[in-house]
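Numbering (the numbering used here), first residue to last: 94 to 352.
Glycine included, C-beta positions come from ideal geometry on N, C-alpha and C.
Read the structure below first, then the notes.
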(Lines of atoms letter the chains of each structure in order from A and count residues from 1; the text may use other names and numbers.)
(Lines give C-alpha, C1' and ligand atoms only; values in the text may rest on other atoms or scores of the structure.)
Protein backbone atom coordinates (compact mmCIF):
# COMPACT_ATOMS: atom_id res chain seq x y z
CA UNK A 1 0.00 0.00 0.00
CA UNK A 2 2.86 2.38 0.80
CA UNK A 3 4.16 2.07 -2.76
CA UNK A 4 0.71 2.88 -4.13
CA UNK A 5 0.42 5.90 -1.83
CA UNK A 6 3.83 7.11 -2.99
CA UNK A 7 2.78 6.53 -6.61
CA UNK A 8 -0.41 8.57 -6.14
CA UNK A 9 1.40 11.41 -4.38
CA UNK A 10 4.12 11.66 -7.01
CA UNK A 11 1.69 11.44 -9.90
CA UNK A 12 -0.90 13.89 -8.59
CA UNK A 13 1.06 16.45 -6.57
CA UNK A 14 1.06 19.05 -9.37
CA UNK A 15 -2.73 19.24 -9.65
CA UNK A 16 -3.08 19.33 -5.88
CA UNK A 17 -0.36 21.98 -5.61
CA UNK A 18 -2.24 24.16 -8.09
CA UNK A 19 -5.41 23.84 -5.99
CA UNK A 20 -3.52 24.83 -2.83
CA UNK A 21 -1.96 27.79 -4.63
CA UNK A 22 -5.38 28.95 -5.85
CA UNK A 23 -6.78 28.77 -2.30
CA UNK A 24 -3.87 30.81 -0.94
CA UNK A 25 -3.95 33.39 -3.75
CA UNK A 26 -7.71 33.93 -3.42
CA UNK A 27 -7.43 34.49 0.33
CA UNK A 28 -4.43 36.81 -0.09
CA UNK A 29 -6.41 38.77 -2.66
CA UNK A 30 -9.24 38.92 -0.13
CA UNK A 31 -6.87 40.52 2.38
CA UNK A 32 -6.38 43.43 -0.01
CA UNK A 33 -10.08 44.20 0.43
CA UNK A 34 -9.66 44.89 4.16
CA UNK A 35 -10.97 48.33 4.98
CA UNK A 36 -12.95 48.35 1.73
CA UNK A 37 -15.32 45.46 2.37
CA UNK A 38 -17.04 44.90 5.73
CA UNK A 39 -15.35 42.41 8.07
CA UNK A 40 -18.36 40.11 8.00
CA UNK A 41 -18.16 40.05 4.21
CA UNK A 42 -14.48 39.09 4.32
CA UNK A 43 -15.21 36.21 6.69
CA UNK A 44 -18.11 35.05 4.52
CA UNK A 45 -15.99 35.17 1.36
CA UNK A 46 -13.18 33.22 3.04
CA UNK A 47 -15.68 30.56 4.10
CA UNK A 48 -17.04 30.52 0.54
CA UNK A 49 -13.51 30.01 -0.84
CA UNK A 50 -12.96 27.16 1.62
CA UNK A 51 -16.20 25.51 0.51
CA UNK A 52 -15.43 25.99 -3.18
CA UNK A 53 -11.93 24.53 -2.83
CA UNK A 54 -13.37 21.58 -0.88
CA UNK A 55 -15.80 20.81 -3.71
CA UNK A 56 -12.99 20.93 -6.29
CA UNK A 57 -10.90 18.71 -4.02
CA UNK A 58 -13.77 16.22 -3.81
CA UNK A 59 -13.84 15.98 -7.60
CA UNK A 60 -10.06 15.49 -7.58
CA UNK A 61 -10.34 12.71 -5.00
CA UNK A 62 -13.05 10.98 -7.02
CA UNK A 63 -10.76 11.15 -10.04
CA UNK A 64 -8.05 9.31 -8.12
CA UNK A 65 -10.30 6.25 -8.12
CA UNK A 66 -12.39 6.62 -11.27
CA UNK A 67 -9.55 7.28 -13.70
CA UNK A 68 -8.03 3.87 -12.98
CA UNK A 69 -11.34 2.24 -13.86
CA UNK A 70 -12.35 4.34 -16.86
CA UNK A 71 -9.05 5.38 -18.45
CA UNK A 72 -6.68 3.19 -20.43
CA UNK A 73 -3.78 3.71 -18.03
CA UNK A 74 -5.74 1.98 -15.27
CA UNK A 75 -4.12 -1.34 -16.10
CA UNK A 76 -0.84 0.04 -14.69
CA UNK A 77 -2.40 -0.09 -11.24
CA UNK A 78 -4.46 -3.25 -11.53
CA UNK A 79 -1.75 -5.48 -13.00
CA UNK A 80 0.33 -4.93 -9.88
CA UNK A 81 0.24 -7.73 -7.28
CA UNK A 82 -1.81 -5.61 -4.89
CA UNK A 83 -4.89 -6.54 -2.91
CA UNK A 84 -8.12 -4.63 -3.31
CA UNK A 85 -7.82 -3.09 0.14
CA UNK A 86 -4.37 -1.73 -0.77
CA UNK A 87 -5.64 -0.09 -3.97
CA UNK A 88 -8.74 1.44 -2.37
CA UNK A 89 -6.93 2.25 0.87
CA UNK A 90 -4.19 4.16 -0.94
CA UNK A 91 -6.80 6.36 -2.65
CA UNK A 92 -8.56 7.07 0.64
CA UNK A 93 -5.33 7.84 2.53
CA UNK A 94 -4.10 10.22 -0.19
CA UNK A 95 -7.52 11.90 -0.21
CA UNK A 96 -7.44 12.21 3.58
CA UNK A 97 -3.97 13.80 3.47
CA UNK A 98 -5.21 16.26 0.85
CA UNK A 99 -8.27 17.18 2.92
CA UNK A 100 -6.18 17.72 6.04
CA UNK A 101 -3.81 20.07 4.19
CA UNK A 102 -6.61 22.00 2.50
CA UNK A 103 -8.63 22.11 5.72
CA UNK A 104 -5.72 23.55 7.71
CA UNK A 105 -4.84 26.16 5.09
CA UNK A 106 -8.36 27.42 4.38
CA UNK A 107 -9.36 27.10 8.03
CA UNK A 108 -6.45 29.25 9.19
CA UNK A 109 -7.42 31.94 6.71
CA UNK A 110 -11.00 31.92 8.02
CA UNK A 111 -9.75 32.15 11.60
CA UNK A 112 -7.43 35.00 10.58
CA UNK A 113 -10.29 37.04 9.15
CA UNK A 114 -12.34 36.41 12.28
CA UNK A 115 -9.58 37.36 14.71
CA UNK A 116 -8.51 40.48 12.81
CA UNK A 117 -12.03 41.85 12.66
CA UNK A 118 -12.15 45.48 13.78
CA UNK A 119 -15.08 44.65 16.05
CA UNK A 120 -13.05 42.20 18.17
CA UNK A 121 -10.75 43.28 20.97
CA UNK A 122 -7.49 41.29 20.85
CA UNK A 123 -7.20 41.19 24.64
CA UNK A 124 -10.63 39.55 24.88
CA UNK A 125 -9.59 37.08 22.17
CA UNK A 126 -6.46 36.01 24.03
CA UNK A 127 -8.29 35.51 27.31
CA UNK A 128 -11.63 34.00 26.37
CA UNK A 129 -12.22 33.46 22.69
CA UNK A 130 -8.96 31.94 21.46
CA UNK A 131 -9.29 28.58 23.28
CA UNK A 132 -12.86 28.27 22.01
CA UNK A 133 -11.86 29.06 18.41
CA UNK A 134 -8.96 26.58 18.58
CA UNK A 135 -11.32 23.89 19.83
CA UNK A 136 -13.89 24.61 17.13
CA UNK A 137 -11.16 24.66 14.47
CA UNK A 138 -9.80 21.23 15.44
CA UNK A 139 -13.27 19.75 15.85
CA UNK A 140 -14.37 21.08 12.46
CA UNK A 141 -11.22 19.72 10.80
CA UNK A 142 -11.74 16.26 12.27
CA UNK A 143 -15.44 16.31 11.38
CA UNK A 144 -14.70 17.39 7.81
CA UNK A 145 -12.18 14.56 7.39
CA UNK A 146 -14.61 11.96 8.73
CA UNK A 147 -17.46 13.16 6.53
CA UNK A 148 -15.21 13.40 3.48
CA UNK A 149 -13.84 9.87 3.87
CA UNK A 150 -17.35 8.51 4.45
CA UNK A 151 -18.64 10.28 1.34
CA UNK A 152 -15.70 9.06 -0.75
CA UNK A 153 -16.25 5.44 0.30
CA UNK A 154 -19.90 5.77 -0.76
CA UNK A 155 -18.86 7.25 -4.11
CA UNK A 156 -16.11 4.69 -4.67
CA UNK A 157 -18.60 1.89 -4.01
CA UNK A 158 -21.02 3.37 -6.54
CA UNK A 159 -18.27 3.67 -9.15
CA UNK A 160 -16.95 0.14 -8.63
CA UNK A 161 -20.46 -1.35 -8.59
CA UNK A 162 -21.31 0.37 -11.86
CA UNK A 163 -17.97 -0.59 -13.43
CA UNK A 164 -18.64 -4.23 -12.56
CA UNK A 165 -22.15 -4.14 -14.02
CA UNK A 166 -21.35 -2.08 -17.11
CA UNK A 167 -18.31 -3.37 -18.97
CA UNK A 168 -18.38 -0.51 -21.47
CA UNK A 169 -16.56 2.56 -20.17
CA UNK A 170 -18.77 4.98 -22.09
CA UNK A 171 -21.63 6.19 -19.94
CA UNK A 172 -20.26 4.47 -16.86
CA UNK A 173 -19.58 7.68 -14.94
CA UNK A 174 -23.12 8.95 -15.44
CA UNK A 175 -24.50 5.57 -14.39
CA UNK A 176 -22.28 5.69 -11.30
CA UNK A 177 -23.74 9.10 -10.44
CA UNK A 178 -27.28 7.71 -10.71
CA UNK A 179 -26.32 4.74 -8.52
CA UNK A 180 -24.77 7.09 -5.96
CA UNK A 181 -27.93 9.22 -5.82
CA UNK A 182 -30.05 6.09 -5.41
CA UNK A 183 -27.87 4.69 -2.63
CA UNK A 184 -27.83 8.06 -0.86
CA UNK A 185 -31.63 8.30 -0.96
CA UNK A 186 -32.12 4.75 0.31
CA UNK A 187 -29.57 5.04 3.12
CA UNK A 188 -30.89 8.49 4.03
CA UNK A 189 -34.45 7.20 4.35
CA UNK A 190 -33.22 4.22 6.38
CA UNK A 191 -31.25 6.50 8.72
CA UNK A 192 -34.25 8.81 9.12
CA UNK A 193 -36.47 5.83 9.94
CA UNK A 194 -34.01 4.56 12.54
CA UNK A 195 -33.85 8.01 14.10
CA UNK A 196 -37.61 8.05 14.56
CA UNK A 197 -37.73 4.48 15.87
CA UNK A 198 -34.81 5.00 18.24
CA UNK A 199 -34.67 8.74 19.02
CA UNK A 200 -32.12 8.41 21.85
CA UNK A 201 -29.36 10.94 21.23
CA UNK A 202 -25.99 11.61 22.79
CA UNK A 203 -25.06 15.23 23.47
CA UNK A 204 -21.31 15.63 23.12
CA UNK A 205 -20.14 18.79 24.89
CA UNK A 206 -17.33 20.37 22.88
CA UNK A 207 -17.93 23.90 24.13
CA UNK A 208 -16.89 23.37 27.75
CA UNK A 209 -14.05 21.10 26.76
CA UNK A 210 -14.98 18.13 28.96
CA UNK A 211 -16.65 16.09 26.17
CA UNK A 212 -19.32 14.96 28.62
CA UNK A 213 -22.23 12.97 27.24
CA UNK A 214 -25.83 12.60 28.26
CA UNK A 215 -28.63 10.46 26.84
CA UNK A 216 -31.68 12.43 25.75
CA UNK A 217 -34.73 11.90 23.61
CA UNK A 218 -34.21 13.46 20.18
CA UNK A 219 -37.69 14.97 20.27
CA UNK A 220 -37.05 16.83 23.52
CA UNK A 221 -36.42 20.56 23.56
CA UNK A 222 -32.64 20.93 23.41
CA UNK A 223 -30.33 23.37 21.72
CA UNK A 224 -26.92 22.87 20.17
CA UNK A 225 -25.47 25.03 22.97
CA UNK A 226 -26.00 22.04 25.27
CA UNK A 227 -23.80 19.92 23.02
CA UNK A 228 -23.63 18.43 19.55
CA UNK A 229 -26.55 15.98 19.14
CA UNK A 230 -25.53 12.57 17.76
CA UNK A 231 -28.27 10.00 17.29
CA UNK A 232 -27.07 6.62 18.56
CA UNK A 233 -28.90 4.33 16.13
CA UNK A 234 -28.04 6.46 13.09
CA UNK A 235 -24.37 6.60 14.08
CA UNK A 236 -24.19 2.81 14.46
CA UNK A 237 -25.98 2.37 11.12
CA UNK A 238 -23.59 4.76 9.34
CA UNK A 239 -20.57 3.07 10.94
CA UNK A 240 -21.67 -0.38 9.77
CA UNK A 241 -22.58 0.96 6.34
CA UNK A 242 -19.14 2.54 5.97
CA UNK A 243 -17.32 -0.75 6.55
CA UNK A 244 -19.75 -2.72 4.38
CA UNK A 245 -19.26 -0.32 1.45
CA UNK A 246 -15.50 -0.30 1.98
CA UNK A 247 -15.29 -4.11 2.08
CA UNK A 248 -17.50 -4.50 -1.01
CA UNK A 249 -15.50 -1.88 -2.91
CA UNK A 250 -12.23 -3.66 -2.12
CA UNK A 251 -13.75 -7.01 -3.12
CA UNK A 252 -15.12 -5.70 -6.43
CA UNK A 253 -11.85 -3.98 -7.32
CA UNK A 254 -9.83 -7.10 -6.59
CA UNK A 255 -12.11 -9.77 -8.07
CA UNK A 256 -14.79 -8.33 -10.33
CA UNK A 257 -13.29 -5.48 -12.34
CA UNK A 258 -12.18 -6.46 -15.84
CA UNK A 259 -10.11 -3.75 -17.46
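Check                                                                                                                                                                                        : Outcome
Opposite residue 322 in the DSSP bridges: which residues?                                                                                                                                    : 296
Using three-state DSSP, classify residue 127 as helix, strand or coil.                                                                                                                       : strand
Rounded to whole angstroms, what's the CA-CA distance from residue 241 to residue 134? Just pull it up for me.                                                                               : 27 Å
By the three-class DSSP mapping on this structure, what secondary structure does residue 176 have?                                                                                           : coil
If you run the structure through DSSP and keep just helix, strand and coil, what is residue 187?                                                                                             : helix
Assuming residue 142 contacts residue 199 (C-beta within less than 8 Å), just tell me the rounded distance between them.                                                                     : 7 Å
Can you give me the Cβ contacts of residue 326 inside the same chain, cut-off strictly under 6 Å, excluding the 5 residues immediately before and after it?                                  : 287 and 291
Tell me the DSSP secondary structure of residue 349 in three-state form.                                                                                                                     : coil
Give every residue of the same chain whose Cβ lies closer than 6 Å to the Cβ of residue 188, excluding the five residues on either side of it in the sequence, and list them in chain order. : 154 and 245
Using the Cβ count rule (16 or more neighbours within 10 Å means buried), how would you classify residue 185?                                                                                : buried
Since residue 368 and residue 284 are thought to touch, with beta carbons under 8 Å apart, how far apart are those beta carbons, to the nearest angstrom?                                    : Not covered by the structure: residue 368. The range shown for the chain is 94 to 352.
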